[in-house]
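Beneath this line is the structure, given in structure tokens, with notes to follow.
Numbering (the numbering used here), first residue to last: 7 to 212.
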């Protein structure tokens, strides 16, 4: 009788193990399906969640085609952080655009031209005494509404930057008196509302 009970107990344990193994296999299958490759019978690369291959057919990826008005109906203001990285093609701007958690940024243009920020004047040269110099940054190809942003990359110990948050692109550099006997240099990074960046150089004589 005792041996019979042991056999029944072992069968129950083995059954539980089989069920557990089946669940693990099913779960592993679900994980494998989380990686998807379209257009090929080959498995996707380990680093890819989604791959599109041209092994079986030649073609491209076509993004959602939206006008600016249609884009506004997405109502990203409710949860802007969750929408970060959302990508569309704006048919009015002829440009791929992505949401950067604050605004829509043009990724490219129909002309294929890279964003260029021009400065007027292109550089500043100020005297050794404490003084200030003004310049204006403009990217004519950027039509996205927003403000220019400024960051002093080097030279912040003897120069400060003053700029109003506006689309005008105007900024001012304020230098302390130069008693070092050497020429000072300041490098400013300017970012336009479309996300393009350029560098502006200013010098102060000894």
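C-beta: ideal position from N, C-alpha, C; glycine also.
*asked:* Please return the same chain residues whose Cβ sits closer than 7 Å to the Cβ of residue 5, not counting the five positions on each side in sequence.
replied: Because the chain spans 7 through 212 in this model, residue 5 falls outside it and cannot be assessed.
_Tell me which residues share the same chain as residue 144 and place their Cβ nearer than 6 Å to its Cβ, disregarding the 5 neighbours each side in the sequence._
Mapped onto the chain shown, residue 144 falls at position 138. Correct list, in chain order: 124 and 175.
*What is the residue span of the beta strand (DSSP E) that residue 190 lies within?*
Numbered from its first residue, the chain shown carries residue 190 at position 184. Segment 190–197, the beta strand (DSSP E) holding residue 190.
*asked:* Suppose the cutoff is 6 Å on Cβ atoms and the five residues either side in sequence are ignored; what does the same chain contact list for residue 109 look like?
replied: One-based indexing of the chain shown puts residue 109 at position 103. 152, listed in sequence order.
*Distance, Cα to Cα, residue 190 vs residue 210?*
Within the chain shown, the letter at position 184 stands for residue 190. Within the chain shown, the letter at position 204 stands for residue 210. Approximately 5 Å between the Cα atoms of the pair.
_Here's the rule I'm using: 16 or more other beta-carbon atoms within 10 Å means buried, otherwise exposed. How should residue 156 be labelled?_
The residue labelled residue 156 in the question sits at position 150 within the chain shown. Residue 156 is buried by the Cβ-count criterion.
*Taking the alpha-carbon positions, what's the residue 150 to residue 169 distance?*
Counting from 1 along the chain shown, the entry for residue 150 is found at position 144. Counting from 1 along the chain shown, the entry for residue 169 is found at position 163. Using only the alpha carbons, I get a separation of about 19 Å.
*The alpha helix (DSSP H) spanning residue 76 covers which residue range?*
Within the chain shown, the letter at position 70 stands for residue 76. Looking at the DSSP string, the run of the alpha helix (DSSP H) that includes residue 76 is 74–78.
*Given a cut-off of 9 Å, decide if residue 141 and residue 126 are closer than it, judged by their beta-carbon atoms.*
Stepping through the chain shown from its first residue, residue 126 is reached at position 120. Stepping through the chain shown from its first residue, residue 141 is reached at position 135. Contact: yes.
_Whole-angstrom distance between residue 112 and residue 101, CA atom to CA atom_ = Translated into the one-based positions of the chain shown, residue 101 becomes position 95. Translated into the one-based positions of the chain shown, residue 112 becomes position 106. So the alpha carbons of these two residues sit roughly 6 Å apart.
*From what residue to what residue does the beta strand (DSSP E) around residue 57 run?*
Along the chain shown, read from residue 1 onward, the residue named residue 57 stands at position 51. Where residue 57 is concerned, the enclosing beta strand (DSSP E) stretches over 56–58.
*Close-in-space but distant-in-sequence residues of the same chain around residue 32 (CB under 8 Å, 5 per side omitted)*: Numbered from its first residue, the chain shown carries residue 32 at position 26. Low confidence applies here, because residue 32 scores a pLDDT of 48, under 50, leaving its location unreliable; read the following figure in that light. No residues qualify anywhere along the chain.
*asked:* Do residue 122 and residue 204 count as a contact pair if the criterion is CB distance below 9 Å?
replied: Start at 1 with the first residue of the chain shown, and residue 204 comes out as number 198. Start at 1 with the first residue of the chain shown, and residue 122 comes out as number 116. Cβ atoms of residue 204 and residue 122: closer than 9 Å.
*Count the other C-beta atoms from every protein chain shown that fall within 10 angstroms of the C-beta of residue 131, then say buried if there are 16 or more, exposed otherwise.*
Translated into positions along the chain shown, residue 131 becomes position 125. Exposed, since its Cβ has fewer than 16 Cβ neighbours within 10 Å.
*Since residue 145 sits in a beta bridge, which residues does DSSP pair it with?*
Locating residue 145 in the chain shown gives position 139, where the first residue counts as 1. Answer is none; residue 145 lacks a bridge partner.
_So, for residue 117: in the same chain, excluding its five sequence neighbours on each side, which residues have a beta-carbon less than 7 Å away from its beta-carbon?_
What you label residue 117 is simply residue 111 of the chain shown in a count that begins at 1. Caution is warranted here: a pLDDT of 44 is assigned to residue 117, below 50, making its placement in the model unreliable, and no coordinate value can be reported.
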